[in-house]
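Below: the structure, in structure tokens.
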Amino acid sequence: MYEEGGLDNLCTVSSGGNNTKLLKESTIKEIDRLLNNPNSTITSYVELLSILTETTQKDITYSALYQHCKSKHYSKLKVARKSHHKKDEQAVEAFKKTPQPIN
1173 MYEEGGLDNL
1183 CTVSSGGNNT
1193 KLLKESTIKE
1203 IDRLLNNPNS
1213 TITSYVELLS
1223 ILTETTQKDI
1233 TYSALYQHCK
1243 SKHYSKLKVA
1253 RKSHHKKDEQ
1263 AVEAFKKTPQ
1273 PIN
């Protein structure tokens, strides 16, 4: 750098980077619409990614989508734990109806 521009070029701070947006405006609006819909059944970022690649933008990466959703929408897509296949539903209802003893 010194050989090309001298001391002035060496002392300049160039801390830029690649600031190109990875998500288009139409994709951002679609994400906003899908995440703010109370009737939405989206349960994972992978599902959201597949919906967006089908409808708006083909070249979205998972990490870009995840970062956008976490930073802009403060989203936490979570799924409830699966119930065991041998679970007895009648026993669960009986347990819930049993009164608690008073000490």
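Here the sequence shown is numbered in this note's numbering, starting from 1173 and rising by one per residue. Glycine included, C-beta positions come from ideal geometry on N, C-alpha and C.
Query                                                                                             : Result
Supposed close pair L1207, A1236 - CB separation, criterion 8 Å                                   : 15 Å between Cβ atoms; not a contact.
Distance between E1197 and T1225 (C-alpha atoms, nearest Å)                                       : 14 Å
Boundaries (first-last residue) of the alpha helix (DSSP H) holding I1223                         : 1217 to 1227
Rounded straight-line distance, which links the Cα of V1264 to that of I1200                      : 43 Å
Alpha-carbon to alpha-carbon, S1186 and S1216                                                     : 39 Å
Sequence-distant residues of its chain with Cβ nearer than 7 Å to L1221 (five each side left out) : I1232, Y1234, L1237
Same chain, Cβ closer than 8 Å to H1257, neighbours up to 5 away in sequence not counted          : none
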